[in-house]
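Novice: So that we are looking at the same thing, I have put the structure below in structure tokens.
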Amino acid sequence: MAAGLALVGEGVDALDVGGESTRPGAPELPPQIELARTIPLIERLAKATSCPISIDTRKAAVAGPALEAGASIVNDVSGLCFDPALAALVAERGATLILGHMRGRPDTMQDAPSYADVLEEVAEELEASVAIACAAGVPRERLVVDPGIGFGKRLEDNLVLLANGGWLGERLALPVLVGPSRKSFLGKLTGDPVGRRENATLAACAAAVFAGADGLRVHDGAAGVRAARVGLALREARRPAGVAP
4 MAAGLALVGE
14 GVDALDVGGE
24 STRPGAPELP
34 PQIELARTIP
44 LIERLAKATS
54 CPISIDTRKA
64 AVAGPALEAG
74 ASIVNDVSGL
84 CFDPALAALV
94 AERGATLILG
104 HMRGRPDTMQ
114 DAPSYADVLE
124 EVAEELEASV
134 AIACAAGVPR
144 ERLVVDPGIG
154 FGKRLEDNLV
164 LLANGGWLGE
174 RLALPVLVGP
184 SRKSFLGKLT
194 GDPVGRRENA
204 TLAACAAAVF
214 AGADGLRVHD
224 GAAGVRAARV
234 GLALREARRP
244 AGVAP
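Start counting the sequence shown at 4; every next residue gets the next number (this note's numbering).
Here it is in structure tokens:
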């Protein structure tokens, strides 16, 4: 609760609450555990702040009670591949839906991931998720896409996706959210353990916004806001290709 309110004070646009880890290798949890971990917190946050609240879940059985408790956004890292019933629920409740890209499940997604063209393949698979959401009645204006940094991706895949968020957004005609914060690919680049990846996280966040990302998922709200401001300022200062100085 205190951490959530602190993030609001640091200037974040939304709070993401989850009860199931989706890091590589994480086991699936039953809905009852997710509900016990998230609903009381969402209820308290909804009473304490007007900041939008997101429920991070792949399950309709968790998203429904979370939306009743005060959440207004559903963040599905599986892009509706885990529970197709989630799309109809989001449409019925009028919530915003974040569609993440992930191949496989959290416990298997890093087992030798392979892409011939990661940008094109992620775009095509997200397009399929968008089609499912729209067919269920979710308006496009309530959709956001997330290329799934670290979710079934190699180091080079993560770098390509972060460096081309603007291309992905234009291809899908939707806002793009990215979450590089503390991810293992940063450790591979820098050699830093997870607890010492703050500087690499800020560099990745600023670079992602510069490259066209519309939003960031971060752990450190204040630092993330500053990184986004730097990235956006650089993007706005960039001359279009072919324009002479």
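C-beta atoms are modelled at their ideal positions from N, C-alpha and C, and glycine is treated no differently.
Select from 164, 42, 102 the residue whose C-alpha is nearest the C-alpha of residue 134.
Specialist: The shortest C-alpha separation from residue 134 is found at 102.
Novice: Tell me where the alpha helix (DSSP H) around residue 160 begins and ends.
Specialist: Unbroken alpha helix (DSSP H) run through residue 160: 158 to 166.
Novice: Per DSSP, residue 99 is paired with what?
Specialist: The partner list for residue 99 (beta bridge, DSSP) reads 76.
Novice: Using a 10 Å radius around the Cβ and a threshold of 16 neighbouring Cβ atoms, would you call residue 24 buried or exposed?
Specialist: Exposed, by the Cβ-count rule.
Novice: Using 8 Å as the threshold, is the C-beta distance between residue 58 and residue 45 below it?
Specialist: In this structure, residue 45 lies closer than 8 Å to residue 58 by Cβ.
Novice: In or out: residue 161 buried (at least 16 other Cβ within 10 Å) or exposed?
Specialist: Buried, since its Cβ has 16 or more Cβ neighbours within 10 Å.
Novice: With DSSP as the reference, identify every bridge partner of residue 184, one or two as the case may be.
Specialist: In the DSSP output, where bridge partners are listed per residue, residue 184 has none listed.
Novice: Assign residue 81 to buried or exposed, taking buried as 16 or more other Cβ atoms, counted over all protein chains shown, within 10 Å of its Cβ.
Specialist: Buried: at least 16 other Cβ atoms inside 10 Å.
Novice: Helix, strand or coil: how does DSSP classify residue 18 here?
Specialist: Correct three-state label for residue 18: strand.
Novice: Suppose you measure from the CA of residue 10 to the CA of residue 18; what does that come to, to the nearest Å?
Specialist: Taking the straight line joining both Cα atoms gives about 8 Å.
Novice: What are the boundary residues of the beta strand (DSSP E) that residue 212 is part of?
Specialist: Looking at the DSSP string, residue 212 is not in any beta strand (DSSP E); the run it does join, the alpha helix (DSSP H), is 201 to 213.
Novice: Decide yes or no for the touch test of the region 210 to 226 against the region 168 to 180: beta carbon pairs closer than 8 Å, at least 3 of them.
Specialist: Flag = yes, the region 210 to 226 and the region 168 to 180 touch.
Novice: What number of angstroms, rounded off, separates the C-alpha of residue 108 from the C-alpha of residue 189?
Specialist: When rounded, the distance between both Cα atoms is 22 Å.
Novice: State the Cα-Cα distance for the pair residue 202 and residue 139, rounded to the nearest angstrom.
Specialist: Between residue 202 and residue 139, the C-alpha separation is close to 41 Å.
Novice: In three-state DSSP terms, what is residue 48?
Specialist: Of the three classes helix, strand and coil, the one that applies to residue 48 here is helix, per DSSP.
Novice: Determine the DSSP secondary structure at residue 146, reduced to helix, strand or coil.
Specialist: The answer is strand: DSSP assigns residue 146 an E or B state.
Novice: Cutting at 7 Å between CB atoms, please list the residues of its own chain near residue 30, excluding the five before and the five after it.
Specialist: Within the same chain, residue 30 has close Cβ partners 110.
Novice: Which whole-angstrom value describes the C-beta separation of residue 116 and residue 155, a residue pair presumed to lie in contact below a C-beta threshold of 8 Å?
Specialist: Confirmed, Cβ separation roughly 5 Å.
Novice: Going by alpha carbons, who is nearest to residue 177 out of 63, 233, 185, 150?
Specialist: Here the closest residue by C-alpha is 150.
Novice: If you drop the 5 nearest sequence neighbours on each side, which residues of the same chain put their C-beta closer than 7 Å to that of residue 227?
Specialist: Contacts found: 208, 219, 221.
Novice: CB-CB under 6 Å to residue 166, same chain, minus the five flanking residues each way: which ones, in chain order?
Specialist: If we look at residue 166 and ignore the five residues flanking it on each side, its Cβ neighbours are 214.
Novice: Do residue 41 and residue 21 have their CB atoms nearer than 8 Å?
Specialist: Closer than 8 Å, so yes.
Novice: Going by the DSSP bridge assignment, what does residue 179 pair with across the sheet?
Specialist: Bridge partners of residue 179: 148.
Novice: Out of curiosity, what's the CA-to-CA distance linking residue 124 and residue 212?
Specialist: Residue 124 and residue 212: Cα-Cα distance of roughly 22 Å.
Novice: For residue 219, write down the residues that DSSP places opposite it in a beta bridge.
Specialist: DSSP lists 181 as partners of residue 219.
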